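J.: Protein chains in written order, with the working numbering: chain X, 1 to 158; chain L, 159 to 316. Got a structure for you, written out below as structure tokens; questions coming shortly.
There are 2 protein chains.
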Amino acid sequence: MADEALFQFLHNEVIQYIYKSTEHGEMENGRCITKLENMGFRVGLGLIERFTKDTARFKDELDVMKFICKDFWTSVFKKQIDNLRTNHQGIYVLQDNKFRLLTQLSAGKQYLEHAPKYLAFTCGLVRGGLSNLGVKSIVTAEVSVMPACKFQVMIQKM
Amino acid sequence: MADEALFQFLHNEVIQYIYKSTEHGEMENGRCITKLENMGFRVGLGLIERFTKDTARFKDELDVMKFICKDFWTSVFKKQIDNLRTNHQGIYVLQDNKFRLLTQLSAGKQYLEHAPKYLAFTCGLVRGGLSNLGVKSIVTAEVSVMPACKFQVMIQKM
């Protein structure tokens, strides 16, 4: 629980800092999201390198996705993804019914508009992780009812 | 090991971001250090709240310092402080012979000048933790040989 707390608190600080440091500038919400996403991307790149040091080679794309949903998610968020769906054409939807970085926000609709900034880092994290496993993707997130959320991964074919 | 990695990578990103976002501004090294320290302070405040939820009341100042050196340090850095010294007049020196956030830098003297930015967050973390336990302090850090480092805590009497 302690480790989680450390990550959560630091994550919150990062969000606040990025938003505050751009308050008086020309940058709007979108650029903050991009910065958080890029930060997540680089962290994801690094993490996957450590996590897969002693892992067997992955069979295919689906095998990679399963690794992200189980091992990767567990080490970062202390639980697995609850549901993984795919259309078998390069789109994957990862559903987390109790996403760790949203549980600190009220479960009502009151803060729904703030959800994107709590998801951007994680979108980047997934994109970075996949990227280091040779899978190029675009990752977006959506929330309908807090703290559940869905990450959509669109694989970019080379 | 995974949790540590997550914290370390995010910590690095934060340092880089803060330094980069102030590159083209009027802010110099000192202000970046202050920002990192303040960030650490707020994280320390929050962490101590979680960690001490089920802890017995502390006897005295020394008891608080021991808690920081053992429990707090272990949850954040996965090891205890190696040596705690005090002059019994409000100055404590916490020595970590292998400080986690410095082990990623080369052990030589080459990067010694970069050490302060890797220590600022932790100085704040300690100050914030102590503050939430009712001990007001000033915390500074010094490195002579990497990755060993000393944190000096000066208690501010009210």
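All residues carry an ideal CB built from backbone N, CA and C; glycine is no exception. Remember, predicted model here, so these are calculated numbers, not experimental data.
(1) Quick check: X:Val139 and X:Cys149, are their CB atoms within less than 8 Å of each other?
(2) Give the residues of chain X in contact with L:Phe257, contact being defined as C-beta atoms less than 7 Å apart.
(3) Whole angstroms are fine: how far does the CA of X:Phe121 sit from the CA of L:Ile239?
(4) CA-CA distance, L:Val303 and L:Tyr250?
(5) My output table needs one value for X:Thr122: the three-state DSSP class, helix, strand or coil.
(6) So which residues on chain X does L:Glu171 lean against when the C-beta distance must stay under 7 Å?
(7) With three or more beta-carbon pairs closer than 8 Å as the criterion, would you say the segment 125-132 of chain X touches the segment 36-54 of chain X?
(8) So which of X:Lys79, X:Leu62, X:Phe67, X:Asn12 has the shortest CA-CA distance to X:Gln89?
(9) Does the beta carbon of L:Ser264 sit closer than 8 Å to a beta carbon anywhere in chain X?
(10) Where does X:Val143 sit, in a helix, a strand or coil, going by DSSP?
(11) Secondary structure at L:Phe257, three-state DSSP: helix, strand or coil?
(12) Run through chain L and tell me which residues come within less than 8 Å of X:Leu47, C-beta to C-beta.
(13) What residues are listed by DSSP as bridge partners for X:Ser137?
(14) Relative to the alpha-carbon of L:Lys193, which residue among L:Lys294, L:Ala273, L:Ile173 has its alpha-carbon at the smallest distance?
(15) Quick test of your reading: L:Lys236 and L:Arg258, contact by CB under 8 Å. State the CB separation rounded to the nearest angstrom.
(16) Between which residues of its own chain and L:Thr232 is the CB-CB distance below 8 Å, once the five residues before and five after are set aside?
(17) Indicate the three-state DSSP secondary structure (helix, strand or coil) for X:Lys78 in the structure shown.
(18) Helix, strand or coil for L:Lys308 per DSSP?
(19) Can you give the Cα-Cα distance for X:His114 and L:His272, rounded to whole angstroms?
(20) Could you check what DSSP says for L:Thr210 in three-state terms: helix, strand or coil?
(21) Are any of the Cβ atoms in chain L nearer than 8 Å to that of X:Tyr118?
(22) In chain L, which residues lie with their C-beta within 8 Å of the C-beta of X:Tyr17?
T.: On the basis of the supplied data:
(1) no
(2) Result: empty, since nearest Cβ-Cβ is about 16 Å, beyond 7 Å.
(3) 32 Å
(4) 20 Å
(5) helix
(6) Met39, Arg42, Val43
(7) yes
(8) X:Leu62
(9) no
(10) coil
(11) coil
(12) Ala160, Ala163, Leu164, Phe167
(13) X:Ile155
(14) L:Ile173
(15) 7 Å
(16) Gln238
(17) coil
(18) strand
(19) 36 Å
(20) coil
(21) no
(22) Val172, Tyr175, Ile176, Lys193, Met197
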